[in-house]
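In my numbering, the protein residues as written are 68 to 371.
For each residue, glycine too, the CB sits at the ideal point set by N, CA and C.
Notes follow the structure.
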Ligand code: GLU
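Next comes the structure, spelled out in structure tokens:
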């Protein structure tokens, strides 16, 4: 498969199309990003690399990091995790309070904010130094010791984090948060502040293409069964309340973030990361969605 030819062709087709999306501005640090950034990187299980555009520039991966915290929490908590949250698509915005109230403080899934906040609460239960151990786990998965939190972005989000504060208070009222609220929120904001390039992101997610094993380090990150389940959760819940549309158009499990990144995985083949900061009304990268739809169509690569 000539991935580079497909990436170059589609990148050039999409680069200058009318982009009706808008950069996320509710986190001050994200508001200043150049809206025209556009990068793509694909890594295969054989460690072959194909890329285009701003693929070596770091950006805020935001909610994409929720897959990594889920992976660690799943290893630590096993199936007890599902006593604290569901695995159903939310069909509602990622920070919905209504949905959480309706479900008595039990998040619909670990990909929305409330679910990721409970995951952080679980990590605090298990780990002596959660912030340090979480980033070390992510470095291990990505094979990159340089990955770190951005103090600048986490501070910026904390300064306006009223909705996430509301979510955690509501869950505390339902006894679904067991640790100190500020400590849990601090870990959550740090998680969301991680920056990676498209290349780093696609390499990091390769374990989900490798049935739980990261092929270039040969480290088993999770069991094959957990890898299957995490991919299933991404397929159904990874794209806010547009997971159906993404599945329909792209046919791959994927996760997006409000920084404009999307990562998608084709088990047994590759992991691909796209970054373009302008978001559609559902909060997904406009060009990222467009790129991945055309890419999976052109290369006939999909799980279906
Ligand atoms: N840190 C962001 C928030 O909590 C994450 C949103 C996202 O990327 O989905 O609002």
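Taking all protein chains shown into account, residue 336 has 16 or more neighbouring C-beta atoms within 10 Å of its C-beta and is therefore buried. With a threshold of 7 Å, the Cβ atom of residue 187 does not count as near ligand 1, since no heavy atom of the ligand is closer than that. With fewer than 16 neighbouring CB atoms inside 10 Å of its own CB, residue 219 falls in the exposed class. Residue 120: member of the beta strand (DSSP E) spanning 116-120, first to last residue. Here residue 264 is buried: its Cβ has 16 or more other Cβ atoms, across all protein chains shown, within 10 Å.
Taking C-alpha positions only, residue 227 is separated from residue 94 by approximately 7 Å. In terms of side-chain proximity, the C-beta atom of residue 231 is found nearer than 7 Å to a non-hydrogen atom of ligand 1. Within 7 Å of the C-beta of residue 227 there is not a single heavy atom belonging to ligand 1. Nearest neighbour of residue 107 by Cα position, chosen from 342, 352, 363, turns out to be 342.
For the pair of segments examined, the region 168-187 was found to touch the region 148-158: the number of CB pairs separated by less than 8 Å reaches three. Between residue 132 and residue 365, the gap from beta carbon to beta carbon reaches 8 Å or more.
In the DSSP assignment, residue 359 falls within the unbroken alpha helix (DSSP H) covering 353-366. Cβ contact annotation for residue 70 (same chain, cutoff 6 Å, sequence separation greater than five): 109, 117, in chain order. In the structure shown, the three-state DSSP call for residue 266 is helix.
Taking C-beta separations shorter than 8 Å and ignoring five residues to either side along the sequence, the partners of residue 168 in its chain run 237, following chain order. Around the beta carbon of residue 121, 16 or more other beta carbons sit within 10 angstroms, so the residue counts as buried.
Excluding the 5 residues flanking it on each side, residue 86 has same chain C-beta neighbours closer than 7 Å at 345, 353, 354, in chain order. Within 7 Å of the C-beta of residue 265 there is not a single heavy atom belonging to ligand 1. Bounds of the alpha helix (DSSP H) holding residue 183 are 180-193.
Within the chosen limit of 7 Å, ligand 1 does not reach the beta carbon of residue 157 with any heavy atom.
If you draw a straight line from the Cα of residue 334 to the Cα of residue 278, it is about 7 Å long. From the listed residues 357, 351, 340, the smallest Cα separation to residue 111 is found for 340.
Bounds of any beta strand (DSSP E) do not take in residue 252; it lies within the alpha helix (DSSP H) bounded by 248-259. Screening all residues for a C-beta within a distance smaller than 6 Å of any heavy atom in ligand 1 leaves 129, 130, 161, 162, 180, 224, 231, 259, 324, 325, in chain order. Here residue 102 is exposed. Its C-beta has fewer than 16 other C-beta atoms within 10 Å.
Burial is judged here by how many other beta carbons sit within 10 angstroms of a residue's own beta carbon; residue 240 has fewer than 16 and is exposed. Here residue 142 has 289 as same chain residues with Cβ atoms under 7 Å from its own Cβ, once five neighbours each way along the sequence are excluded. Distance between residue 193 and residue 201, taken at the CA atoms: about 11 Å.
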